[in-house]
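Position one of the sequence shown corresponds to residue 416 (the working numbering), numbered consecutively onward.
Some notes on the structure that comes next.
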Amino acid sequence: MDESLLAATQAKQDAACQTNLKSWSPIRAVLQTQILAPST
Numbered sequence: 416m417d418e419s420l421l422a423a424t425q426a427k428q429d430a431a432c433q434t435n436l437k438s439w440s441p442i443r444a445v446l447q448t449q450i451l452a453p454s455t
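Right under this line is the structure:
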């Protein structure tokens, strides 16, 4: 595979991962809060 194409693909995947992490972080924060402080 062409190196520049590989680099572009990697950059796209990295950007997608960053976007996914940003959209998931509020949910993860809520989950962590519920796990750390269970409502019992």
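Note that CB positions come from ideal geometry on N, CA and C, so glycine has one too.
Asked, Found
"Closer than 8 Å by C-beta to T434: which residues in its own chain qualify, once you throw out the five before and the five after it? Chain order, please.", "none"
"How many Å lie between D417 and Q425 at the Cα?", "12 Å"
"When DSSP labels each residue in this structure, what does D417 get in the three-state scheme?", "coil"
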